[in-house]
Amino acid sequence: MTILSSPLSKVADTDELQRLLDGYALVHGVPVAVFDEQGEVCYSSSHPPARLCKLVQETAYGRRSCRLCRSYAGNQAMIIGEGYIHRCPAGLIVWASPLVFSGEYVGGIIAGQVLMWEIDEMVKKEVTQLANACGIPPRVLLAAAKQLPVMEAQTVQAASDLLFMVAAYISNQEHLSLLEQREISNQQARLAESIIEKKQALEQQGSGAASALYPLEKERQLLGRVRVGDRTGAKEILNQILGDILFNSAGKPEVLKARLLELSVVLSRAAVEGGGSLERLLGLNFAYVEELATLEAIEEICAWIVKVLDAFLDEVYAAAESRDLPVIRQAVSYIKEHFREELTLEDVAQEVHFSPYYVSRIFKEELGLTFIEYLTKIRIDEAKRLLLETNKTVSEISDLVGYQDPSYFTKVFKKREGVTPTQFRR
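In terms of the numbering used here, the sequence shown opens at residue 196 and continues consecutively.
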């Protein structure tokens, strides 16, 4: 099939597409191709495919396996709203991103055909199995596998992110739709984790445990984040609250809408306290209430409250700041820049030119956390990122996030996350 006979013709100019594909392939040194909903390749870069892939594609079994793999990868990328990195039937690493027209998935774009490590026994086994299925002598396919390039995990992730942006550019006006889908998907994943944690906590407490809608302490922390314009922290706590509400409302849309409507009123009040315009916030609140009435799907309702939070935080940012807010924001900024060092409350107080007592008090009042609790959160969040995205040892990560003693770091990490750094990485 050519791109002209595919729905993809609606989203791509062939000359422009060829330039994009060839440019991407040249920069990353990998082949890249556009495929339709069924996984059939419609267009490809001038970069030749890996010899292993070429041999496999010459067989009926290989062509079918690769087509099904592309189709699955494209659909998964559409569901999560971002690049989908996976292993093909031959064990090679490839990454795919969705192409969208008028809100509908019409195909995808795929690149890769690399390894993320040197050939090991697992790769040899997969290549041998594929060779037997395709009727190719295993030694021939294994020899081809040895010619494959090896990419580090960070490089693969960066290449996937860039391919997603290429796909968004090709889709043009659908870029926002893809990003919204990614945000909804990410939020649903975080909600699922929150609900699981809630269930585990209740199981540990026993069947007689109280079942409040959500802890008021979480609401207090959320309001503190809104007052100081901490968007990342506010979304993190909001997600925990959403998990509690979903768990206790049994997933009923009307119950969820009622609870989130109440929460939106509380959020608007916090935004006013953070310096936002009362008149503008009331207008926003009214408009969002009207929108909420039209929503039915759980994921749309959850996305709605995040949009409300973003709008209210925008008002806080734009507003005249109260007396305490410049201090706490300066302190938070300083902590984020220096958390890798031996940082004390006195250091932060000296930076913002206020007494340690005053800084300690406004941390608790505005963020709902003590200075040490906030510093620990920043350090452990960075440690989690390094554990997942790098190959650094626990000892190295401990030092990078401000803990000189790896044993103490492990103790703090387990106390906060419930598992050791090594267990978290697994």
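Positions of the beta carbon are idealized from the N, C-alpha and C atoms, including for glycine.
* Going by C-alpha distance, which of Val227, Leu250, Leu456 and Leu212 is nearest His242? -> Val227
* Pick helix, strand or coil for Glu537, following the three-state DSSP scheme. => DSSP places Glu537 in the coil class of the three-state scheme, outside both helix and strand.
* Pair within 7 Å by beta-carbon distance, Ser292 and Ala272 -> Taking 7 Å as the Cβ cut-off, Ser292 and Ala272 qualify as a contacting pair.
* Residues near Ile432 by beta carbon distance below 8 Å, same chain, minus five either side -> Lys413, Gln416, Leu417 and Arg420
* Reduced DSSP category for Arg302 - H, G, I as helix; E, B as strand; rest coil -> Reading the sequence as shown, one finds Gly at residue 302 and not Arg. Correct three-state label for Gly302: strand.
* Per-residue burial, Leu221 [other beta carbons within 10 Å of its own, 16 or more giving buried] -> Around the beta carbon of Leu221, fewer than 16 other beta carbons lie within 10 angstroms, which makes this residue exposed.
* **Start-to-end residues for the beta strand (DSSP E) that takes in Ser266** => First-last for Ser266: Ala255 to Ile275, but that is the alpha helix (DSSP H), not the beta strand (DSSP E).
* **Limits of the unbroken alpha helix (DSSP H) element including Asp315** => Element bounds for Asp315: n/a, residue is neither H nor E.
* Taking the alpha helix (DSSP H) that Tyr238 falls in, what are its first and last residues? -> No alpha helix (DSSP H) holds Tyr238; the beta strand (DSSP E) holding it covers Val236 to Ser239.
* Asked: Is there a Cβ from chain D that is less than 7 Å from the Cβ of Gln416?
  -> Here there is only one protein chain, and chain D is not present.
* Asked: Any idea what DSSP makes of Gln383, helix, strand or coil?
  -> Because the pLDDT at Gln383 is just 49, under 50, the model does not fix this residue reliably, and the value given afterwards should be weighed accordingly. Helix at Gln383.
* Asked: Whole-angstrom Cβ separation of Val484 and Leu456, contact assumed at under 8 Å?
  -> With a Cβ gap of about 7 Å, Val484 and Leu456 count as contacting.
* **Neighbourhood of Phe558 by C-beta, 8 Å cutoff - its chain only, sequence neighbours within 5 removed** => Ile523, Ala526, Leu564, Thr565, Phe566 and Tyr569
* **Rounded separation between Pro616 and Tyr529 - CA only** => If I take the Cα positions, the gap works out to 26 Å.
* To do: Output yes or no for whether 7 Å exceeds the beta carbon distance between His223 and Ala354.
  => A contact, by the Cβ cut-off of 7 Å.
* To do: Please list, in chain order, all residues of the same chain as Tyr279 whose beta carbon is under 7 Å from its beta carbon, the five residues on each side excluded.
  => Ala268, Gln271, Ala272, Trp290 and Ala291
* Limits of the alpha helix (DSSP H) - the one that His548 falls within -> Run containing His548: none; DSSP gives neither H nor E here.
* Would you identify the three-state DSSP class for Gly438, choosing helix, strand or coil? => Residue state, collapsed to three classes: helix.
* Just tell me which of Pro244, Ala453, Arg214 and Leu250 has its CA closest to the CA of Val191. => The question about residue 191 has no answer, for the chain in this structure spans 196 to 621.
* **Contacts around Pro601, its chain only, beta-carbon distance under 7 Å, and the 5 residues preceding and following it disregarded** => Val589, Ser590 and Ser593
* **Unbroken beta strand (DSSP E) run spanning His279, endpoints** => Just to set this straight, residue 279 is Tyr in the shown sequence, not His. Note, Tyr279: beta strand (DSSP E), Tyr279 to Arg282.
* DSSP on Asp425, reduced to helix/strand/coil? -> Correct three-state label for Asp425: coil.
* Can at least three beta-carbon pairs, one atom from the region 342-356 and one from the region 308-322, be found at a separation below 8 Å? -> A contact exists between the region 342-356 and the region 308-322.
* **Inter-residue Cα distance where the pair is Gly428 and Glu253** => 52 Å
* Would the beta-carbon of Arg265 fall within 7 Å of that of Gly234? -> Their beta carbons are under 7 Å apart, which means Arg265 touches Gly234 by this criterion.
* Considering only the beta carbon of each residue, do Gly307 and Ile331 sit closer than 7 Å? -> no
* To do: Assign Asp505 to buried or exposed, taking buried as 16 or more other Cβ atoms, counted over all protein chains shown, within 10 Å of its Cβ.
  => exposed
* To do: Taking the CB atoms as reference points, tell me whether Ala328 and Leu247 lie closer together than 7 Å.
  => no
* To do: Check Ile288 in the structure and name its three-state DSSP category.
  => strand
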